[in-house]
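Counting in the numbering used here, the sequence shown runs from 251 upward without gaps.
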Amino acid sequence: MIVENSKTAIKIRLRIFFATIIVVALIAIIYTTRILINPIWGLNKSQWSFILVGVFVLIIIINNFRDFHYIYFSDNGNKIVFKFYSMKIFSGKKHTIEMHKKDFVKFQTSSFLFKMRDYLIIYQKLNKGIAKYPPISITGLSKKDKTKLKNQLSLYISK
251 MIVENSKTAI KIRLRIFFAT IIVVALIAII YTTRILINPI WGLNKSQWSF ILVGVFVLII
311 IINNFRDFHY IYFSDNGNKI VFKFYSMKIF SGKKHTIEMH KKDFVKFQTS SFLFKMRDYL
371 IIYQKLNKGI AKYPPISITG LSKKDKTKLK NQLSLYISK
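So this is what it looks like as structure tokens:
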């Protein structure tokens, strides 16, 4: 079974891209046309520009705060594979976790700040004991995909 959230990842990237284009275009319109010769609601050109940039920065901060990740999970064959990377603006490091199904011990999920962030923590059996991997953000997965992922991982929990 494969679980991945490429559509969500694309939506997040497009949202940031279009927000950038809209903010730049509106600021260009404000300063190159005669639209704001007279203040609107008591605000001049530079104040409107600061408001637009402030809303844009707020959108980026909220996306970074939610900690969205692109996630690819596969359990085809005799291995469990997780591939993931952060959707934050300046974070491009890609991670892969690959283990045999027989070495999978357990998993935990945790949520932070009213379920605005969801994490998956997986454990693997090694020769020296049990290894705990760093949390994987599953915030970008749909509720249905989170359930499918948890159900599938439950099948491989070693007793």
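From the three backbone atoms N, C-alpha and C, an ideal C-beta is built for every residue, glycine too. On a predicted model such as this, the values are computed, not experimentally measured, just so you know.
- Task: Answer yes or no: do I371 and Q358 have a C-beta to C-beta separation smaller than 9 Å?
- Result: yes
- Query: Where DSSP assigns a beta bridge to Q374, which residues make up the other side?
  - Reply: F354, A381
- Quick one: Cα of S324 to Cα of K261, how far? 22 Å
- For F354, collect the residues of the same chain with a Cβ closer than 8 Å to its Cβ; drop the 5 residues on either side in sequence, then sort them by chain order. I330, I372, Y373, Q374, K375, L403, Y406, I407, S408
- Return the chain-ordered list of same chain residues with a C-beta closer than 6 Å to the C-beta of K356, the five sequence neighbours on each side being excluded. Y373, I407
- Query: Can you tell which of K378, A259, K382, I380 has its C-alpha closest to the C-alpha of D313?
  - Reply: Per the sequence shown, residue 313 should be read as Asn rather than Asp. Closest option to N313, Cα to Cα, is A259.
- Task: Would you mind stating whether V253 and D395 have Cβ atoms separated by less than 9 Å?
- Result: yes
- Query: K396 by DSSP, collapsed to three states: which one?
  - Reply: helix
- Task: Since I believe I277 is in contact with L302 (beta carbons under 8 Å), could you give me their beta-carbon distance rounded to a whole number of angstroms?
- Result: 6 Å
- Item | T359 - DSSP class collapsed to helix/strand/coil | strand
- Query: Helix, strand or coil for T258 per DSSP?
  - Reply: helix
- Task: Could you check if G390 is buried or exposed, using at least 16 other CB atoms within 10 Å of its CB as the buried criterion?
- Result: buried
- List in chain order: all unbroken beta strand (DSSP E) runs of 3+ residues lying wholly within the segment 289–358. 319–324, 329–336, 344–350
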